[in-house]
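Some notes on the structure that comes next.
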Amino acid sequence: MMKIKKVLIAGLAALSCTLWAGPKEQIDAAVARGVKFLRSRQAEDGHFSDAQMPALTALPLWAFVCGGEGGTEAAKKAAAFVLKTQRPDGGFYVPKPGRGGSGLGNYNTSVCMSALFESGLAPAKAILDARTYIAGSQLTGDDTMAGGFGYDRASRRRYADLSNTSYALDAMRRTEKVEDFRPRGEARVDVNWEQAIKFVERLQETQGERAGGAAYNQRTAQAGTATNRSGRVELRAYGSMSYAAVLTMCHAKLTREDPRVRSALGYCSKFWTVDENPGMGSQGLYYYYDILARALSVAGVDELVQPDGRKVNWRDELAAKLLSLQRPDGSWENDNNRFWENDPVLATSFAILSLVLCR
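Numbering-wise (my numbering), the sequence shown opens with residue 74 and increments by one.
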């Protein structure tokens, strides 16, 4: 069966995994050590960390590809394992009956679809079926969740958040050219981008010191709450979700001149740091690095202008920080495990994906 790698070279150009032309030797060496560490943690059947969570194998696969090892045996074993988790409905997940979140189908499928596409190790049909699954997971209606995505479309409650939404929309935009290979007679599949933007808009703060920043959703206070000028309690915007907003809006083809994008980038500039996830401290730090790099790359931003006029080369600062955090065995790890980042496989995958975009 025709592989994505052979037929979609042009489609990879915008988000290809080549290394930054800065301190290239240092980055090359750090990525190589990280990839070597990941290889040492792979199970015999190809999976990493938790066989019940395909995304935790897809992320190292993606890191292998970006580290120039997409054709290795380790990458092929990882891809084969992920492909075995695809369900008849097109999603990549392991069902967990009786749990409200089931197998976290949306999250797992979005990550797996992106990684498999970048690896070129999946048949077109697998990607097309996953696109159908994700498109069918977008919430419709007229409430505050409409347009967004949650962890799992099989969930018993109506739920969406910006993290899952950004993963889903990144995967859909990344793989959109695969629709050219959908069998004749089948309708092309996509999401409702207009509704997705409305979902993101509802999460952006419009006033105060965090104006332009975005919250996780309108129900879960990941970074606490604040009272606006009208006396209404709002959930706080924070770093990683604000970059997720930038990524989502740019994938929806809003330009940097759009006031919503400009406002979000203003928040990112004002609260720029690589020492923490703004508003969350060390929680989700490596996810923050990853979403930051993807968002600013897709937005075409090279420098962030600080309130005092100082220009920040985000690639230089992020690369230097990641190089400083790598451990002697080649891994990265977060001591704060709120979002599973004390698993060095997860943190190392995020670190590699971030480093290769620092160019």
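A virtual CB, placed ideally from N, CA and C, is assigned to each residue, including glycine.
When secondary structure is reduced to three states using DSSP, ASP253 falls in the helix class. According to the DSSP assignment, ASN386 belongs to the beta strand (DSSP E) that extends over 384-386. Here TYR311 carries a strand assignment [DSSP, helix/strand/coil]. DSSP places GLY141 outside both helix and strand once states are collapsed to three, so it counts as coil. Taking each of SER427, ARG261, PRO256, ARG247 in turn and checking the Cα distance to ARG367, the smallest one comes out for SER427. Its chain contains TRP387 as the residues whose beta carbon lies nearer than 7 Å to that of LEU369, once the 5 sequence neighbours on both sides are disregarded; these appear in chain order. Straight-line measurement puts the Cα of ASP348 at about 39 Å from the Cα of ALA199. When DSSP states are grouped into helix, strand and coil, GLU259 belongs to the coil group. Beta-bridge pairing by DSSP links VAL378 to LYS384. At a Cβ-Cβ threshold of 7 Å, PHE222 and ASN181 do not count as neighbours. Considering only GLY163, ALA131, ALA244, LEU327, the residue with the shortest C-alpha distance to ALA153 is ALA131.
Looking from the CA of ALA103, the closest CA among ARG231, TRP405, ASN409 belongs to TRP405. Taking C-beta atoms as the reference points, ALA241 and SER183 count as a pair closer than 7 Å.
In the three-state DSSP reduction, GLN291 falls in the coil class, being neither helix nor strand. Distances from the alpha-carbon of ASN350 to those of SER315, GLY281, GLU282 put SER315 closest.
In this structure, MET218 lies near ARG231, with their beta-carbon atoms less than 7 Å apart. When the five nearest sequence neighbours on each side are left out, the beta carbons in the same chain lying within less than 6 Å of the beta carbon of ASP202 are those of GLY163, in order along the chain.
For PHE412, the closest of SER236, ARG309, LYS157, PHE137 by C-alpha to C-alpha distance is SER236.
ASP389 carries a helical assignment under DSSP once its states are collapsed to helix, strand and coil. In the three-state reduction of the DSSP assignment, PHE190 falls in the helix class.
In the three-state scheme derived from DSSP, where H, G and I count as helix and E and B as strand, PRO417 is classed as helix.
Excluding sequence positions up to five before and after SER122, its CB lies within less than 6 Å of the CB of LEU129, ASP416, VAL418, all in the same chain and listed in chain order.
Residue nearest to ALA197 within the set GLU252, ARG226, ALA288 is GLU252 (criterion: CA-CA distance). For GLN268, no pairing in a beta bridge is given by DSSP. The beta carbon of LEU327 is closer than 8 Å to those of ILE270, ARG333, VAL334 in its chain, skipping five residues each way along the sequence. Shown here, GLN99 sits in a helix according to DSSP, grouped into three states. Shortest Cα-Cα distance from TYR224 to any of GLY143, ASP381, ASN290 involves ASN290.
Per DSSP, reduced to three states, the secondary structure at GLY354 is strand.
In the DSSP assignment, PHE165 is bridged to GLN159.
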